[in-house]
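Engineer:
Chains as they are written, first to last, in the working numbering: chain A, 1 to 392; chain B, 1 to 392.
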């Protein structure tokens, strides 16, 4: 059974609230309000071909060659033949799973995790074995013993997202080495979703592609959606040095013909942004993180660990049921004509019952809006009928 | 096992031929040289939003409402809530299969058929049961007895493409009624791929959505790729009145977040093209069809039935093996510095051994180029080492 998206399943309730005239602050989805770089949009506006043709199934060669430069700047050395342009990061996940895994295979994912891994695993007939990470220690990588306890003869891969969605946790280089040892010892793939590579606030990014001696094990799943605030473009990439995986993924790429043309132009142009382009964006996200974490922890019964990267925070709230609460926020609550949309954390856990009093907040709005959204949340927690005393 | 695309698997050989300086006429892929409507491209160039945001997972509501008008002109009455915008027609096929079928279910498809149905069926764990249509009678709908002989308790659907890719066959209203009777009697879905709806040269288009009393059975799979010569946009649609299928498909739509934004703008603008827009395009394709069919049938040992729609022709050639021949055309042959790329028909049959002396030709090039490509083919058949005497 395909599970509904925790990020989007409440959309009809948000639409109804807006129709009633309520302002909804969207902290449910990683849709930044950061402007898409004007020079990249301008490249699309300058499109002067007469025919909007299919591109190569792996994406335009000129774009893949440009991406080689981009990755080089991040200390990732690949050739353009090791890159398949995908329709968003979503398709990179899909291709990765389908190219590397058979129905019945198992993948280990520290939970909570990006809910759509589950969806794509279900679609590929793959079984997700979650191992818990905990809000108390900021969702750090689980100990090696937890991985080993979950490994069976059907285990084929570990999936990580770094920096993490939904937790914001930034894996250290030491933790990446730990993962390297596990995948080598048990001959596993490491799927690394690095959609938020540029957004690290505490420390630098340790890419899975930096790991030495495990080239054939690493499948990088990437996207320009967050990097350039270009979510609607639907352009991502599957990057690997494993030739067999590339060959298998290309069959899926050919079946869907080609990735979208316009946004490939945008992505190619964006590689030429100045080297300091990300500084301002990162500073802005850091301000937002500091604001939202401070506001959340100041609320009675609320706990939010400080995320090291990406633009998500997980918070534990004094509520009976996050799904009920998030729906209630949209259906039955408003504060001065406004409310806030959050993602119930239950959808990010695959262990039933986990995350029932947690929510994910995407700090994709400006500081003023985040403060207004936090005002709503604070007021809501005071009157929510399902409030628990302790928040535990 | 995911089969390689018959349309694209020879691409590396074509690339090598081009590097050697050989001009390659691409009749292998349905990539028209017709210009994308300027007003639709212009709509994209006028994009003036600051942020390239995710759209609704079902696509922009404004676009879906516009499509209601488009379908109305084709005698198809649907609401915008019965339309899910997809990433190309490919994704409409994918969503349709995944929403309606379980692993182990069977679908009946008259063969030869669009090869990627096979790929998406494999990805969904669905078993394709081909029933033969024949080049001798122009690939008409197989008799009802052939369908009934293929039906088992696991049969869930029939898939048709009308007008047909790869055969160009245009199903008559009477044949569509035959299909209606079968799906009603056996409670099946009818997946109707109508990507080439506008391109009918002999008779008018009988849409599956015109059938009365089978609303819950019909899944329309559509695309703007051919309609507006906008293959690179990657915009299609899944259309159905079956609420349960829509709900299931929406989960897959949400998992991949949203369809590409830029090309939705293009598709929305294109609905406002004048009503006679397709006349010129259709006349041009008809000229090409007439040219290619005449040239093919004039070659010794070649037989090509006259296709009623789409822009494909299937031809039987006096050759030992279409895969070998098509590769040889790219690897070992040239005629005055030129060669032609064709799609071996074997990849459009799922019955092993079928189509070994057939190829698909997409008449997507102008008449002069088609004639030059036919000159190459004619010359090639004269010297191909695997030529058979009779062509039978």
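By construction, the Cβ of each residue, glycine as well, lies at the ideal position given by its N, Cα and C atoms.
Predicted model, so just to flag it, every value in this text is computed and none were measured.
1) Under 9 angstroms between the Cβ atoms of residue 153(B) and residue 130(B)?
2) Taking residue 182(A) as the reference, give the member of 170(A), 194(A), 211(A) and 344(A) with the closest Cα.
3) Run the CB neighbour count on residue 305(A), radius 10 Å, all protein chains shown included, and call it buried at 16 or more, exposed below.
4) Bridge partners of residue 236(A), per DSSP?
5) Report the neighbours of residue 31(B) on chain A: residues whose CB is nearer than 7 angstroms to its CB, in chain order.
6) Would you list, in chain order, the members of the segment 247-264 of chain A that have their beta-carbon closer than 8 angstroms to a beta-carbon of chain C?
7) Do the segment 231-245 of chain A and the segment 85-95 of chain A make contact, defined as three or more Cβ pairs closer than 8 angstroms?
8) Among 317(A), 257(A) and 68(A), whose alpha-carbon lies nearest the alpha-carbon of residue 117(B)?
9) Can you have a look at residue 241(B) and say buried or exposed, based on whether 16 or more other CB atoms are within 10 angstroms of its CB?
10) Between residue 36(A) and chain B, is the shortest Cβ-Cβ distance under 9 angstroms, so that the two count as touching?
11) Mind the definition here: the segment 264-274 of chain B touches the segment 36-51 of chain B only if three or more C-beta pairs lie below 8 angstroms; say whether that holds.
12) Alpha carbon to alpha carbon, how far is residue 198(A) from residue 278(A)?
13) Are the segment 288-296 of chain B and the segment 371-383 of chain B touching by the rule of at least three beta carbon pairs closer than 8 angstroms?
14) Identify the continuous alpha helix (DSSP H) that holds residue 252(B) and give its terminal residues.
15) Distance check for residue 75(A) and residue 203(A), CA to CA, integer angstroms please.
16) Which ranges would you report for the alpha helix (DSSP H) in the segment 169-193 of chain B if only whole runs of at least 4 residues count?
17) Beta-carbon within less than 7 angstroms of residue 308(B)'s beta-carbon, same chain only, minus the 5 sequence neighbours each way: which residues are those?
18) Just verifying my parser: in three-state terms, what is the DSSP assignment at residue 266(B)?
19) Hey, could you find the ends of the beta strand (DSSP E) residue 358(A) is sitting in?
20) Pick helix, strand or coil for residue 316(A), following the three-state DSSP scheme.
21) So residue 87(A) contacts chain B; which residues on that side make the cut at Cβ distance below 8 angstroms?
22) With which residues is residue 25(A) paired in a DSSP beta bridge?
23) Considering only the alpha carbon of each residue, which of 41(A), 12(A), 42(A) and 52(A) lies closest to residue 40(B)?
24) In this structure, does DSSP put residue 161(A) in helix, strand or coil?
25) Got a sec: is the Cβ-Cβ distance from residue 231(A) to anything in chain B below 9 angstroms?
26) Where does the unbroken beta strand (DSSP E) through residue 129(A) begin, and where does it stop?
27) Establish whether the CB of residue 62(B) and some CB of chain A are separated by less than 9 angstroms.
28) To which residues does DSSP link residue 303(A) through a beta bridge?
29) Verify the CB distance criterion: does residue 359(A) have a CB-CB separation below 9 angstroms to chain B?
30) If contact is defined by three or more beta carbon pairs under 8 angstroms, each pair taking one atom from either stretch, is the segment 332-345 of chain B in contact with the segment 12-31 of chain B?
31) List, in order along the chain, the chain A residues whose C-beta lies closer than 9 angstroms to that of residue 350(B)?
32) Could you check if residue 389(B) is buried or exposed, using at least 16 other CB atoms within 10 Å of its CB as the buried criterion?
33) Can you list, in chain order, the residues of its chain with a C-beta nearer than 6 angstroms to that of residue 94(B)? Leave out the 5 residues immediately preceding and following it.
34) Thinking residue 78(B) and residue 266(B) are a contact (beta carbons under 8 angstroms), I'd like their distance in whole angstroms, please.
35) Distance cutoff 9 angstroms, beta carbons only. Does residue 123(A) sit that close to anything in chain B?
36) Could you pull out every residue in the same chain whose Cβ sits closer than 7 angstroms to the Cβ of residue 393(A), ignoring the five residues on either side in sequence?
Structural biologist: So, to answer that:
1) Counted from its first residue, the second chain places residue 153(B) at position 153. Counted from its first residue, the second chain places residue 130(B) at position 130. No, these two residues do not count as a Cβ contact at 9 angstroms.
2) Numbered from its first residue, the first chain carries residue 182(A) at position 182. Taking each of 170(A), 194(A), 211(A) and 344(A) in turn and checking the Cα distance to residue 182(A), the smallest one comes out for 211(A).
3) Numbered from its first residue, the first chain carries residue 305(A) at position 305. Classification of residue 305(A): buried, given that the 10 Å Cβ count is 16 or more.
4) Position 236 of the first chain, counted from the start, is the residue given in the question as residue 236(A). Residue 236(A) is bridged to 86(A) and 223(A).
5) By 1-based counting over the second chain, the position of residue 31(B) is 31. Close partners of residue 31(B) in chain A (Cβ separation under 7 angstroms): 53 and 54.
6) As a matter of chain content, chain C is missing from the structure shown, whose protein chains are A and B.
7) In this structure the segment 231-245 of chain A touches the segment 85-95 of chain A; the number of beta carbon pairs closer than 8 angstroms is three or more.
8) Taking the second chain and counting its residues from 1, the one referred to as residue 117(B) is at position 117. Out of 317(A), 257(A) and 68(A), 257(A) has the C-alpha closest to the C-alpha of residue 117(B).
9) To locate residue 241(B), count along the second chain from 1; it is residue 241. So residue 241(B) ends up on the buried side.
10) Within the first chain, numbered from 1, the residue matching residue 36(A) stands at position 36. Yes, its Cβ sits closer than 9 angstroms to a Cβ of chain B.
11) Counting Cβ pairs under 8 angstroms, three or more are found: they touch.
12) Position 198 of the first chain, counted from the start, is the residue given in the question as residue 198(A). Position 278 of the first chain, counted from the start, is the residue given in the question as residue 278(A). For residue 198(A) and residue 278(A), the distance between alpha carbons rounds to 7 angstroms.
13) Yes, the segment 288-296 of chain B is in contact with the segment 371-383 of chain B.
14) Taking the second chain and counting its residues from 1, the one referred to as residue 252(B) is at position 252. Here the alpha helix (DSSP H) through residue 252(B) covers 243-255.
15) In the first chain, the residue the question calls residue 203(A) occupies position 203. In the first chain, the residue the question calls residue 75(A) occupies position 75. Distance between the alpha carbons of residue 203(A) and residue 75(A): 15 angstroms.
16) Qualifying alpha helix (DSSP H) stretches, in chain order: 173-186.
17) Stepping through the second chain from its first residue, residue 308(B) is reached at position 308. The residues are 163, 168, 169, 170, 200, 201, 202 and 203.
18) Indexing the second chain from 1 puts residue 266(B) at position 266. Residue 266(B): helix per DSSP, three-state reduction.
19) What you label residue 358(A) is simply residue 358 of the first chain in a count that begins at 1. That run of the beta strand (DSSP E) goes 358-362.
20) Sequence index remark: in the first chain, residue 316(A) carries index 316 (1-based). Note: residue 316(A) maps to strand in three-state DSSP.
21) Working through the first chain from its first residue, we reach residue 87(A) at position 87. Residues of chain B with a Cβ closer than 8 angstroms to the Cβ of residue 87(A) are, in chain order, 87, 234, 256 and 260.
22) The residue you call residue 25(A) lines up with position 25 of the first chain. Answer by DSSP bridge pairing, in chain order: 340(A).
23) For this step, residue 40(B) is matched to residue 40 along the second chain. Ranking the options by Cα distance to residue 40(B), first place goes to 52(A).
24) Within the first chain, the letter at position 161 stands for residue 161(A). If DSSP states are grouped into helix, strand and coil, residue 161(A) belongs with the strands.
25) To locate residue 231(A), count along the first chain from 1; it is residue 231. Contact of residue 231(A) with chain B is assigned, a C-beta pair being separated by under 9 angstroms.
26) Walking along the first chain from the start, residue 129(A) turns up at place 129. First-last of the beta strand (DSSP E) with residue 129(A): 127-132.
27) As a first step, residue 62(B) must be located in the second chain, where it is residue number 62. No, residue 62(B) lies away from the interface with chain A (no Cβ there is under 9 angstroms from its Cβ).
28) Taking the first residue of the first chain as position 1, residue 303(A) is located at position 303. Note: residue 303(A) sits in a beta bridge opposite 316(A).
29) Taking the first residue of the first chain as position 1, residue 359(A) is located at position 359. Nearest CB-CB separation between residue 359(A) and chain B: not below the 9 angstroms threshold.
30) Because the criterion of three Cβ pairs below 8 angstroms is met, the segment 12-31 of chain B and the segment 332-345 of chain B touch.
31) Numbered from 1 along the second chain, position 350 holds the residue referred to as residue 350(B). Those do not exist, as residue 350(B) stays about 15 angstroms from chain A at its closest Cβ, beyond 9 angstroms.
32) Translated into the one-based positions of the second chain, residue 389(B) becomes position 389. In the assembly as shown, residue 389(B) is an exposed residue. Its beta-carbon has fewer than 16 other beta-carbons within 10 Å.
33) Your numbering for residue 94(B) matches position 94 in the second chain. In its chain, beyond the 5 residues on either side, 120 have a beta carbon closer than 6 angstroms to the beta carbon of residue 94(B).
34) By one-based count along the second chain, residue 78(B) stands at place 78. By one-based count along the second chain, residue 266(B) stands at place 266. Taking 8 angstroms as the upper bound for CB-CB distance, residue 78(B) and residue 266(B) are not in contact here, some 21 angstroms apart.
35) In the first chain, the residue the question calls residue 123(A) occupies position 123. Cβ-Cβ to chain B under 9 angstroms: yes for residue 123(A).
36) Because residue 393(A) is not part of the residues shown, which for chain A are 1 to 392, the question remains open.
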